[in-house]
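Peer 1: The structure's right below; bear with me while I get my questions together.
Residue numbers (mature numbering (1 follows the signal peptide of the UniProt record, and there is no 0)): -26 to -1, 1 to 757.
See below:
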């Protein structure tokens, strides 16, 4: 009973905003900056090596201990910086780098300025608090498991409670802009798929990559105010609303969003602190089949029961791209897509059912194909959707009789029959078979090699086995894009990034474009291609490794609290401009990149930027003013002229202008989490430019941005020049670089109406264009 009153008192003080620091076993553990910890040099509190938790801070109460430090689950090979409750079972309640473990030689720095910085031994920053130098005096771990950075007045400057991972503890809140994200147990998934976030009208449960959402609104309210935070208090979750009722606490309670999609409340029972579940929160309002992962990745859920479409909830045999002629499709009965609206938005209109099914057989990554014939058409046309292994989870039970669904399998009997036939042929006609095999080998070799012959300066060619060894069987995944996944590896003393194209047919053209393009160009601001692999169905590219990853995670604040300074952002913009200027103006043939976006801009350990991913690039002869090509690129970054099919390298300049604005504003161009009037950043930019309120858009997370107003405004105007509808009025990239270098000044200002006002690319492009053109004297300056 005493513990129950203790938790009620803690919750009450936290919700009122008062600091609560009970004195149990003396003072709370505190550390003053500067300090530094290297995992390999640390010991546990008894001076002995630890196999699970290497502590930095420890706090003890009469009932339990909390610990902040490095946690390992693989025997000390990789570590997560985390906070734990230590009872009969250790419970991780917060993690700094849950999706990006560090090695044994990683270092945690508590800097003189008061920032916590976690970085690898090579200097790559993995996580940071970024307190903006707010005079941090120390760091402490309180009884509730909250890691706190505080100033001289003992006022909280930063706390882990403001950045939850998958767990909330009693007294902690979930606020807008943050979410709980379930840890995944499957190695094939790079990160979480299930999320719980705070919205203005309640708590939203969502599942990705699907557009699956469910909103839980308040049943009762104690205030008329619209909350931005929902607290986990003793007896309920959602304060000041009561969204979910929770059993009153008898001891320490924690709430965790788990990999199966369930939100469960656990309690550390007294006296042995054994963890026991007290409530499955969402199951009071969600049925078994409402959970998207209820039946695993291959199961079908129906009336609370799981069934398997393929005589088992895992594939009967792995699908090999080497045996694509043996792939076949088997029909699935009484099955439909989880959301008809989502199916309509994702599906592609095709001419016939046969074309749809054949497309799946030609695409090695396709596992399930869905086809729905158009009800308003007399022909065989309809909507077709190919589901890969990563979105099979969206496959659910239904009663849509007009939807055809088929599951891909590999026909083992076909393989066996073919092997018997080959064996018989070899036995009966050995000499002929050897001769035919030699001819076939020679022909295949001839077909394969010319793809890579005659490329000046071609990089090293690796075998698939070499890259498999170099990447430890592709175990460390750095990220994924439209044409494949990227893995970290080592060849000799060099760290590399290996891009593995997934899907033979959709990737070959892009693979060849990238090898031919990057293999013969060398420039400081373009990522270096170390080598490649072209072996049977395997298509891989080997790049230099850039330790700070892609630009998007640094400017969109998706995984780090650390904020880039204006000087760093400006240098990144200049580096991209120089790289594009080289491609457009200094190569033998003009090269249009055609997929400029933050995800394709990589950063080294000093935040020097390099342009990557030339899979969509297009060569343009010097005597060509324009080139015809199919639409390619990424939604949100496409220039207006893509509405036709005739483009120039100026399409890159429009995309570059969007990236400039994203870097300055610290948000994505298309952000559906924003209010409706703010979803499209470029339309918002036009509106703010017309009203003279451009600075309203500047990233407010950094005080450094506020102290460079004049330079930022000039850079925004330069971006506006790049965003003109009329591509002929956009500047050359060399001119953009000169403006950024200070060799050319922008004496005129682009018109405020510089982009068409359209929400999708199905609209006709109309609107005014800028008349700004620099004078000859401006263009004549040295670069």
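Glycine included, every Cβ here is placed at the ideal spot set by N, Cα and C. This structure is a prediction, so every number in the text was calculated from the model and none was measured.
How is residue 615 classed by DSSP in three states: helix, strand or coil?
Peer 2: Here the question's residue 615 lines up with position 641 in the chain shown. The answer is helix: DSSP assigns residue 615 an H, G or I state.
Peer 1: Are residue 653 and residue 529 close, meaning C-beta to C-beta below 8 Å?
Peer 2: For this step, residue 653 is matched to residue 679 along the chain shown. For this step, residue 529 is matched to residue 555 along the chain shown. No, they are not a contact pair.
Peer 1: Let me confirm a value: residue 118 is counted as buried when at least 16 other C-beta atoms fall within 10 Å, else exposed. Which label applies?
Peer 2: Taking the chain shown and counting its residues from 1, one reaches residue 118 at position 144. Counting Cβ neighbours within 10 Å, residue 118 comes out buried, since at least 16 surround it.
Peer 1: Out of 376, 339, 38, 37, state which residue places its alpha-carbon closest to the alpha-carbon of residue 759.
Peer 2: Because the chain in this structure spans residues -26 to 757, residue 759 falls outside the shown range and cannot be described.
Peer 1: Whose C-alpha, out of 655, 660, 148, 249, is nearest the C-alpha of residue 673?
Peer 2: Here residue 673 corresponds to residue number 699 of the chain shown, with the count starting at 1. That would be 655, whose Cα lies nearest to the Cα of residue 673.
Peer 1: Rounding to the nearest angstrom, what Cα-Cα distance links residue 353 and residue 331 in this structure?
Peer 2: Counting from one through the chain shown, the residue named residue 353 turns up at place 379. Counting from one through the chain shown, the residue named residue 331 turns up at place 357. Taking the straight line joining both Cα atoms gives about 17 Å.
Peer 1: What is the DSSP secondary structure of residue 717, reduced to helix, strand or coil?
Peer 2: Locating residue 717 in the chain shown gives position 743, counting from the first residue. It is coil, neither helix nor strand.
Peer 1: Going by DSSP, what residue range makes up the alpha helix (DSSP H) through residue 660?
Peer 2: As a first step, residue 660 must be located in the chain shown, where it is residue number 686. Residue 660 -> alpha helix (DSSP H) spans 655 to 664.
Peer 1: Report the start-end ranges of each beta strand (DSSP E) in the stretch 173 to 255 that is 3 residues or longer and not cut off at the edges.
Peer 2: 176 to 181, 186 to 190, 203 to 207, 210 to 213, 226 to 231, 237 to 243, 248 to 254
Peer 1: In angstroms with no decimal places, state the Cα-to-Cα distance between residue 381 and residue 150.
Peer 2: Sequence index remark: in the chain shown, residue 381 carries index 407 (1-based). Sequence index remark: in the chain shown, residue 150 carries index 176 (1-based). For the pair residue 381 and residue 150, the Cα-to-Cα distance works out to about 40 Å.
Peer 1: Compare the Cα-Cα distances from residue 323 to each of 336, 209, 347 and report the closest residue.
Peer 2: Taking the chain shown and counting its residues from 1, the one referred to as residue 323 is at position 349. Among 336, 209, 347, the Cα nearest to that of residue 323 is on 347.
Peer 1: Report the residue from 697, 105, 239, 695 whose alpha carbon sits nearest the alpha carbon of residue 136.
Peer 2: Position 162 of the chain shown, counted from the first residue, corresponds to residue 136. The shortest C-alpha separation from residue 136 is found at 105.
Peer 1: So for residue 8, helix, strand or coil by DSSP?
Peer 2: The residue labelled residue 8 in the question sits at position 34 within the chain shown. Coil, per DSSP.
Peer 1: Are the CB atoms of residue 692 and residue 720 within a distance shorter than 8 Å?
Peer 2: As a first step, residue 720 must be located in the chain shown, where it is residue number 746. As a first step, residue 692 must be located in the chain shown, where it is residue number 718. In contact: residue 720 and residue 692 (Cβ atoms closer than 8 Å).
Peer 1: Can you tell me which of the three DSSP states residue 362 falls into?
Peer 2: Taking the chain shown and counting its residues from 1, the one referred to as residue 362 is at position 388. It is a strand residue.
Peer 1: Following the continuous alpha helix (DSSP H) through residue 293, name the residue where it begins and the one where it ends.
Peer 2: The residue given as residue 293 occupies position 319 in the chain shown. Note, residue 293: premise wrong, no alpha helix (DSSP H); not H, not E.
Peer 1: Might you give, ordered along the chain, the residues of its own chain that have their beta carbon closer than 7 Å to the beta carbon of residue 302, omitting 5 neighbours on each side?
Peer 2: Within the chain shown, residue 302 is the residue found at index 328, counting from 1. Closer than 7 Å at the Cβ level, and outside the excluded window around residue 302, lie 383, 385.
Peer 1: Which of the three DSSP states, helix, strand or coil, is assigned to residue 273?
Peer 2: Reading the chain shown from its first residue, position 299 is the one you call residue 273. Reduced to three states, the DSSP call for residue 273 is coil.
Peer 1: Where DSSP assigns a beta bridge to residue 378, which residues make up the other side?
Peer 2: Looking up residue 378 in the chain shown gives position 404. Residue 378 pairs with 345.
Peer 1: How big is the Cα-Cα spacing for residue 148 and residue 623?
Peer 2: Position 174 of the chain shown, counting from 1, holds the residue named residue 148. Position 649 of the chain shown, counting from 1, holds the residue named residue 623. Rounded to the nearest whole angstrom, the CA to CA distance from residue 148 to residue 623 is 46 Å.
Peer 1: For residue 191, count neighbouring Cβ atoms within 10 angstroms of its own Cβ and tell me buried if that reaches 16, exposed if not.
Peer 2: By 1-based counting over the chain shown, the position of residue 191 is 217. It is exposed - the Cβ of residue 191 has fewer than 16 other Cβ atoms within 10 Å.
Peer 1: Looking at the structure shown, is residue 551 part of a helix, part of a strand, or coil, going by DSSP?
Peer 2: Looking up residue 551 in the chain shown gives position 577. DSSP places residue 551 in helix when its eight states are reduced to three.
Peer 1: Can you look up residue 680 in the DSSP assignment and give me helix, strand or coil?
Peer 2: On the chain shown, position 706 is the one that residue 680 refers to. Residue 680: helix per DSSP, three-state reduction.
Peer 1: Run through DSSP, which three-state label would residue 267 get?
Peer 2: Against the chain shown, residue 267 aligns to sequence position 293. DSSP places residue 267 in coil when its eight states are reduced to three.
Peer 1: I believe residue 33 touches residue 116 by the beta-carbon criterion, under 8 Å. Please report the beta-carbon distance rounded to the nearest angstrom.
Peer 2: Walking along the chain shown from the start, residue 33 turns up at place 59. Walking along the chain shown from the start, residue 116 turns up at place 142. Contact holds; Cβ gap of about 7 Å.
Peer 1: Would you report the Cα separation of residue 210 and residue 9, rounded to the nearest angstrom?
Peer 2: Within the chain shown, the letter at position 236 stands for residue 210. Within the chain shown, the letter at position 35 stands for residue 9. Their backbone Cα atoms lie some 40 Å apart in a straight line.
Peer 1: In terms of alpha-carbon separation, which member of 717, 67, 125 lies closest to residue 87?
Peer 2: Translated into positions along the chain shown, residue 87 becomes position 113. Taking only the C-alpha atoms, the option nearest residue 87 is 125.
Peer 1: Could you give the residue range of the alpha helix (DSSP H) that holds residue 625?
Peer 2: Within the chain shown, numbered from 1, the residue matching residue 625 stands at position 651. Bounds of the alpha helix (DSSP H) holding residue 625 are 624 to 639.
Peer 1: Does the pairing of the stretch 555 to 564 with the stretch 489 to 503 give three or more beta-carbon distances under 8 Å?
Peer 2: yes
Peer 1: Taking the CB atoms as reference points, tell me whether residue 181 and residue 266 lie closer together than 8 Å.
Peer 2: As a first step, residue 181 must be located in the chain shown, where it is residue number 207. As a first step, residue 266 must be located in the chain shown, where it is residue number 292. Cβ atoms of residue 181 and residue 266: closer than 8 Å.
Peer 1: Which of the three DSSP states is assigned to residue 355 in this structure?
Peer 2: Working through the chain shown from its first residue, we reach residue 355 at position 381. Three-state DSSP puts residue 355 in coil, outside helix and strand.
Peer 1: Does the Cβ of residue 689 have 16 or more other Cβ atoms within 10 Å, making it buried, or fewer, making it exposed?
Peer 2: The count along the chain shown starts at 1 and reaches residue 689 at position 715. Classification for residue 689: buried.
Peer 1: Can you tell which of 522, 611, 610 has the C-alpha that lies nearest to the C-alpha of residue 580?
Peer 2: To locate residue 580, count along the chain shown from 1; it is residue 606. The residue with the shortest Cα to Cα distance from residue 580 is 522.
Peer 1: Quick check on residue 642: does DSSP put it in helix, strand or coil?
Peer 2: Counted from its first residue, the chain shown places residue 642 at position 668. Of the three classes helix, strand and coil, the one that applies to residue 642 here is coil, per DSSP.
Peer 1: Quick one: grab the DSSP three-state call for residue 153.
Peer 2: For the purposes of this step, residue 153 is taken as residue 179 along the chain shown, with counting starting at 1. Reduced to three states, the DSSP call for residue 153 is strand.
Peer 1: Can you check DSSP and say which residues form a bridge with residue 506?
Peer 2: Residue 506 sits at position 532 when you count from the first residue of the chain shown. DSSP, once it has assigned bridges, lists 435, 515 as partnering residue 506.
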